[in-house]
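**Student:** Protein chains in written order, with numbering that gives the first Met the number 0: chain L, 0 to 161; chain S, 0 to 161. Before I ask anything, here is the structure I am working with.
There are 2 protein chains.
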Amino acid sequence: MLESIHHTRMRAALEEAHLAFARDEVPIGAVAVHSVSGEIMARAGNRTRELCDPTAHAEMQIIREICRLECAQRAPEYDIYITLEPCPMCAAALSYARVRTIYFGASDVKSGALTSSIQLYSFSPLHHKPVVIPGVLADPCAQILKDFFAQKRAQKNAVEMI
Amino acid sequence: MLESIHHTRMRAALEEAHLAFARDEVPIGAVAVHSVSGEIMARAGNRTRELCDPTAHAEMQIIREICRLECAQRAPEYDIYITLEPCPMCAAALSYARVRTIYFGASDVKSGALTSSIQLYSFSPLHHKPVVIPGVLADPCAQILKDFFAQKRAQKNAVEMI
């Protein structure tokens, strides 16, 4: 399959996930692209552990960054690429920021709030519902999470064997 | 009715809502109380407009503050007082922060995520579900929002009459 522009952008989000993995954070990454220029304007990986901030998910960081760039509470000209389906916190925040389109990689069957566990944009009275495109590079986006949690389990078992 | 400790704390949250009103922000306020000392450790009003940040709801600011104080992603010894029922973003974040109890004032019939529109803690697979106590000083907490939006409508009508 040819590499589409969406794959290229999701690979940039995956790079952020890999950087998060190296920081011992749950490996989720995101980038924000301006829909007119096509440029990546913000990129982030999960930093909840480093920042002692349970709200420092990748998406929350890029929402804050693009709104800061726009000097506004809304960023309607941005498309967001996230390696994992957003949780309820991030799905709501992406709506408040009025982002145009959300592309995500792996589905989060347990905690995803767009197409999985809670379909927040289907049932709730949010003013703005971004277009949602799931499954962009779903396999590598899921694999990095599997690798991370497998490593965590192995570390835990090693400690228990001491 | 005697003034309970919960009323006193909600009045502190209401003060933050009044300060938000004075800044021309949607007047919602919150405080966080340490459950052992009983002290108010963080207080905030909505600052989405001032900070150009759609995530800068009162609750999100105090979550970040108490986790910063605790140097942790979790703050399980805190009780939160909020003048309005939290939205889905804040309700999820309060769960991630593992706060103990959420006391709120006015219900948000349209966008509330605890007892109104979406009952996030009833239906979703969140790991932690804080205890929820609604209706603390519900009337003044609702009235300040009514006053704010009435003022906004009057300002809009005045502009249209020019």
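No residue lacks a Cβ here, since even glycine has one placed at the ideal position from N, Cα and C.
Count the other C-beta atoms from every protein chain shown that fall within 10 angstroms of the C-beta of A96 of chain L, then say buried if there are 16 or more, exposed otherwise.
**Tutor:** Buried is the call here.
**Student:** Applying a beta-carbon distance threshold of less than 8 Å, which residues of chain L neighbour L119 of chain S?
**Tutor:** The answer, in chain order, is P87 and I117.
**Student:** Can you tell me which residues form a DSSP beta bridge with R42 of chain L?
**Tutor:** According to DSSP, R42 of chain L bridges with L:V30.
**Student:** Roughly how many angstroms lie between the CA atoms of A3 of chain L and R48 of chain S, to the nearest whole one?
**Tutor:** Looking at the sequence itself, residue 3 of chain L is Ser, so the reference to Ala does not match. C-alpha separation (whole angstroms): 37 Å.
**Student:** Can you check which of these residues, S:Q118, S:C51 and S:I81, is closest to V135 of chain S by C-alpha distance?
**Tutor:** Closest by alpha carbon: S:I81.
**Student:** Bridge partners of I131 of chain L, per DSSP?
**Tutor:** For the sequence presented, residue 131 of chain L should be read as Val rather than Ile. Answer by DSSP bridge pairing, in chain order: L:I101.
**Student:** Per DSSP, which residues does D146 of chain L bridge with? Please list them.
**Tutor:** D146 of chain L pairs with nothing; no bridge assigned.
**Student:** Report the neighbours of K109 of chain S on chain L: residues whose CB is nearer than 8 Å to its CB, in chain order.
**Tutor:** Here the neighbours are P124.
**Student:** Just to make sure I have the definition right: I need the residues of chain S whose C-beta is within less than 9 Å of the C-beta of T114 of chain L. Which are they?
**Tutor:** Simply none; closest approach about 14 Å.
**Student:** So, at 6 Å on beta carbons, what are the nonlocal neighbours of E64 of chain S in its own chain, with the 5 sequence-adjacent residues on each side left out?
**Tutor:** A41.
**Student:** Could you list which residues in chain L have their beta carbon closer than 9 Å to that of I62 of chain S, in chain order?
**Tutor:** Neighbours of I62 of chain S on chain L, chain order: D52, P53 and T54.
**Student:** Rounded to whole angstroms, what is the Cα-Cα separation between H56 of chain L and R46 of chain L?
**Tutor:** Each residue's Cα considered, the two are about 6 Å apart.
**Student:** Would you report the Cα separation of L125 of chain L and D23 of chain L, rounded to the nearest angstrom?
**Tutor:** Approximately 34 Å, taken between the alpha carbons.
**Student:** Closer than 7 Å by C-beta to P129 of chain S: which residues in its own chain qualify, once you throw out the five before and the five after it? Chain order, please.
**Tutor:** Contacts found: L93, S94, V98, R99, T100 and I101.
**Student:** When burial is assigned at 16 or more other CB atoms within 10 Å of the CB, is I161 of chain L buried or exposed?
**Tutor:** Exposed.
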